[in-house]
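Read in order, the letters of the sequence shown correspond to residues 191 to 553 in the working numbering.
Heads up, the beta-carbon is just placed ideally off N, CA and C, and yes, glycines get one too.
First up is the structure itself, then whatever we jot down about it.
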Amino acid sequence: MSSQLHLPHGDLDIPAFLPDATLGVVRSLDSADLERCGTQALVMNTFHLMQRPGSSTVQALGGLHRMSGWPHPIVTDSGGFQAYSLIRQNPKNGSLNNQGIIFRPEGSDRKLQLTPEKTIQLQVSYGSDIVICLDDCTNAEDPIDTQKESVTRTIAWARRCKEAYTRLIEQKEYADGQRPLLFGVVQGGSIREERIRCADALLEIGFDGYGYGGWPIDNQGNLLTDIVGYTREIIPSEYPMHALGIGHPPSIVACTQIGYRLFDSAMPTRDARHARLYTFNSDPALRRELSDDWFAYVYISDDKHIKDNRPISPWCDCLCCTRYSLGYLHHLYKINDSAFFRLATIHNLRFMAMLMAKLNATT
Numbered sequence: 191m192s193s194q195l196h197l198p199h200g201d202l203d204i205p206a207f208l209p210d211a212t213l214g215v216v217r218s219l220d221s222a223d224l225e226r227c228g229t230q231a232l233v234m235n236t237f238h239l240m241q242r243p244g245s246s247t248v249q250a251l252g253g254l255h256r257m258s259g260w261p262h263p264i265v266t267d268s269g270g271f272q273a274y275s276l277i278r279q280n281p282k283n284g285s286l287n288n289q290g291i292i293f294r295p296e297g298s299d300r301k302l303q304l305t306p307e308k309t310i311q312l313q314v315s316y317g318s319d320i321v322i323c324l325d326d327c328t329n330a331e332d333p334i335d336t337q338k339e340s341v342t343r344t345i346a347w348a349r350r351c352k353e354a355y356t357r358l359i360e361q362k363e364y365a366d367g368q369r370p371l372l373f374g375v376v377q378g379g380s381i382r383e384e385r386i387r388c389a390d391a392l393l394e395i396g397f398d399g400y401g402y403g404g405w406p407i408d409n410q411g412n413l414l415t416d417i418v419g420y421t422r423e424i425i426p427s428e429y430p431m432h433a434l435g436i437g438h439p440p441s442i443v444a445c446t447q448i449g450y451r452l453f454d455s456a457m458p459t460r461d462a463r464h465a466r467l468y469t470f471n472s473d474p475a476l477r478r479e480l481s482d483d484w485f486a487y488v489y490i491s492d493d494k495h496i497k498d499n500r501p502i503s504p505w506c507d508c509l510c511c512t513r514y515s516l517g518y519l520h521h522l523y524k525i526n527d528s529a530f531f532r533l534a535t536i537h538n539l540r541f542m543a544m545l546m547a548k549l550n551a552t553t
């Protein structure tokens, strides 16, 4: 059955999907919208927030919860994935070394450095409920030398993160149940020996939970089921694991079945803004399990929806489905009205909340 993570800003039922609110906002929605969708927690990004609006501004506005009007749990990603997506893919954006990440903010000539110590300091100062260690993210297809270097660096950075975290926690003297949790990230690409080396070292250092690290899909866009599953196997089951960056609904179902309990991705909200909406193929309340052909897309831009009076889904209770038709949403999309982005995002996030409730009832 489902369980809970006890966090400073409330208990989190797991399995749980956390929308990406990268810069402190889920685009087109406010906190009340998110609550009505059934969203339990958000993921925000240290790498981006330290640039916009800037760490001093976040702190001046009372931390992430007060700034964003979101009183529920927040997970802050460290910036390790951005080093992969922005720097490994384009060295002009910055560089990695054993000390940390050096990057150039977009449109600026200045350089910023993100070290393991700094990312922990920032995340704790932001008021995060789950703090994630800085890691050196790779693609599963990267060569073995790259994977070995990544694991060695990830372990060293995790040790420094734990030391910095321990110092801060001791200084702040948190009351019982009020300290943020600290998660380490398991790297190693598709090489099992490197995954074991990373996991063993992180377990020895000791964390509250762990994350799957690295790009989780292959070059054809398929979930790397074998290595994702193997990474879960080598972490003892009593520790919660976060499938970082995994948000495709069928992939969440597959990962839940092998023991992952936290998920985050920009995919559901980005798909919504690009007119790709999610739906169950039959009433989820009547399904004992999610198998076979349970999931489908509705492409709202298709002309077949022009005069369709039906909702996106007859089984969805979101604002979009209870008040508006496919035809009206098609119209809003075609005229590029901002109402479409809000309604479509509400629908996809309500779908994700309903999916996680179903998985909570069956795992």
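Count the other C-beta atoms from every protein chain shown that fall within 10 angstroms of the C-beta of ASP267, then say buried if there are 16 or more, exposed otherwise. Reading the sequence shown from its first residue, position 77 is the one you call residue 267. Buried, since its Cβ has 16 or more Cβ neighbours within 10 Å.
What is the rounded straight-line gap between the Cα of GLN230 and the Cα of TRP405? The residue labelled residue 230 in the question sits at position 40 within the sequence shown. The residue labelled residue 405 in the question sits at position 215 within the sequence shown. About 25 Å.
Closest to SER455 by CA distance: which of GLN377, VAL216, GLN361, HIS199 is it? In the sequence shown, residue 455 corresponds to position 265, counting from 1. The candidate whose alpha carbon is nearest that of SER455 is VAL216.
Name the DSSP bridge partner or partners of ARG466? What you label residue 466 is simply residue 276 of the sequence shown in a count that begins at 1. Beta-bridge pairing links ARG466 to TYR489.
Nearest to ARG532 (by Cα), restricted to the options GLY435, LEU219, THR212: Here residue 532 refers to the residue found at position 342 when the sequence shown is read from its first residue. Ranking GLY435, LEU219, THR212 by Cα distance to ARG532 puts LEU219 first.
Mapping the DSSP letters down to three states, classify GLN194 as helix, strand or coil. Taking the sequence shown and counting its residues from 1, one reaches residue 194 at position 4. It is a strand residue.
Nearest residue (CA-CA) to PRO198, options ASP319, ASN329, CYS388: Locating residue 198 in the sequence shown gives position 8, counting from the first residue. Comparing C-alpha distances from PRO198 to each of ASP319, ASN329, CYS388 shows the shortest one belongs to ASP319.
Using a Cβ-Cβ distance under 7 Å, would CYS506 count as near chain B? Absent from the structure: chain B. Only one protein chain is present.
Helix, strand or coil for TYR400? Go by DSSP, reduced to three states. Mapped onto the sequence shown, residue 400 falls at position 210. Strand at TYR400.
So, helix, strand or coil for LEU587, using DSSP? In the structure as shown, the chain starts at 191 and stops at 553, and residue 587 therefore has no counterpart that could be examined.
Terminal residues of the continuous beta strand (DSSP E) containing ILE291? Against the sequence shown, residue 291 aligns to sequence position 101. Bounds of the beta strand (DSSP E) holding ILE291 are 291 to 293.
Look up LEU434 in the DSSP assignment and say whether it is helix, strand or coil. As a working note, residue 434 is residue 244 in the sequence shown. LEU434 falls in the coil class under three-state DSSP.
Can you grab the Cα-Cα spacing for the pair MET240 / ASN499, in whole Å? Position 50 of the sequence shown, counting from 1, holds the residue named residue 240. Position 309 of the sequence shown, counting from 1, holds the residue named residue 499. Here the C-alpha atom of MET240 lies approximately 45 Å from the C-alpha atom of ASN499.
At what residues does the beta strand (DSSP E) containing SER569 begin and finish? Nothing about residue 569 can be reported from this structure: the residues present for the chain run from 191 to 553 only.
Considering just the uninterrupted stretch of the beta strand (DSSP E) at MET234, what are its terminal residues? As a working note, residue 234 is residue 44 in the sequence shown. Looking at the DSSP string, the run of the beta strand (DSSP E) that includes MET234 is 232 to 235.
To which residues of the same chain is ALA543 closer than 7 Å at the C-beta, ignoring the five residues directly before and after it? The sequence position of residue 543 within the sequence shown is 353, counting from 1. Within the same chain, ALA543 has close Cβ partners CYS227, GLY228, THR229.
If you draw a straight line from the C-alpha of ILE442 to the C-alpha of LEU371, how long is it? Taking the sequence shown and counting its residues from 1, the one referred to as residue 442 is at position 252. Taking the sequence shown and counting its residues from 1, the one referred to as residue 371 is at position 181. Rounded to whole angstroms, ILE442 to LEU371 spans 23 Å at the Cα level.
Please confirm whether GLY214 and HIS255 have their CB atoms less than 7 Å apart. Counted from its first residue, the sequence shown places residue 214 at position 24. Counted from its first residue, the sequence shown places residue 255 at position 65. No, the pair does not count as a contact, with Cβ atoms beyond the cut-off.
Extent of the continuous alpha helix (DSSP H) run through PRO440: By 1-based counting over the sequence shown, the position of residue 440 is 250. In this chain, the alpha helix (DSSP H) harbouring PRO440 covers 439 to 447.
Counting only the same chain and skipping the five closest in sequence on each side, list residues whose C-beta sits under 6 Å from that of GLY284. Along the sequence shown, one-based indexing puts residue 284 at 94. Closer than 6 Å at the Cβ level, and outside the excluded window around GLY284, lie ILE277, ILE292, PHE293, ARG294.
State the start and end residues of the unbroken beta strand (DSSP E) segment that holds THR266. Against the sequence shown, residue 266 aligns to sequence position 76. Boundaries of the beta strand (DSSP E) harbouring THR266: 264 to 267, taken from the DSSP string.
Please confirm whether ARG387 and THR421 have their CB atoms less than 7 Å apart. For this step, residue 387 is matched to residue 197 along the sequence shown. For this step, residue 421 is matched to residue 231 along the sequence shown. At a Cβ-Cβ threshold of 7 Å, ARG387 and THR421 do not count as neighbours.
Taking the beta carbon of ASP482 as the centre, do at least 16 other beta carbons fall within 10 Å, making it buried, or is it exposed? Indexing the sequence shown from 1 puts residue 482 at position 292. Label assigned to ASP482: exposed.
Cut-off 7 Å between Cβ atoms - residues of its own chain near VAL341, not counting five sequence neighbours on either side: Counting from one through the sequence shown, the residue named residue 341 turns up at place 151. Excluding residues within five positions, the ones whose Cβ falls inside 7 Å are GLN377, GLY378, GLU384, ARG387, CYS388.
Considering only their Cβ atoms, is the gap separating SER245 from LEU312 smaller than 7 Å? Indexing the sequence shown from 1 puts residue 312 at position 122. Indexing the sequence shown from 1 puts residue 245 at position 55. With contacts defined as CB atoms closer than 7 Å, LEU312 and SER245 qualify as a contacting pair.
Coarse secondary structure for ASP299, derived from DSSP in three states: Here residue 299 refers to the residue found at position 109 of the sequence shown. The DSSP-derived three-state label of ASP299 is coil.
For my contact list, VAL265 and LEU208 are in at a C-beta cut-off of 8 Å; report their separation, rounded to the angstrom. Locating residue 265 in the sequence shown gives position 75, counting from the first residue. Locating residue 208 in the sequence shown gives position 18, counting from the first residue. With 8 Å as the limit, VAL265 and LEU208 qualify as a contact, their Cβ atoms being about 6 Å apart.
Can you grab the Cα-Cα spacing for the pair THR560 / ASP507, in whole Å? The structure shown does not extend to residue 560, since the chain spans only 191 to 553, so no value can be given for it.
Which residues does DSSP list as the beta-bridge partners of PRO474? Within the sequence shown, numbered from 1, the residue matching residue 474 stands at position 284. Per DSSP, none; premise fails for PRO474.
Run through the region 323 to 365 for me and flag every whole beta strand (DSSP E) of 3 or more residues, listed as ranges in chain order. Runs found: none.
Between which two residues does the alpha helix (DSSP H) harbouring LEU254 extend? For this step, residue 254 is matched to residue 64 along the sequence shown. Judged by DSSP secondary structure, LEU254 falls within the alpha helix (DSSP H) whose first and last residues are 253 to 258.
Helix, strand or coil at GLY411 [DSSP, three-state]: The count along the sequence shown starts at 1 and reaches residue 411 at position 221. The answer is coil: DSSP assigns GLY411 none of H, G, I, E or B.
Thinking C-beta only, is SER503 closer than 7 Å to THR469? By 1-based counting over the sequence shown, the position of residue 469 is 279. By 1-based counting over the sequence shown, the position of residue 503 is 313. Yes, they are a contact pair.
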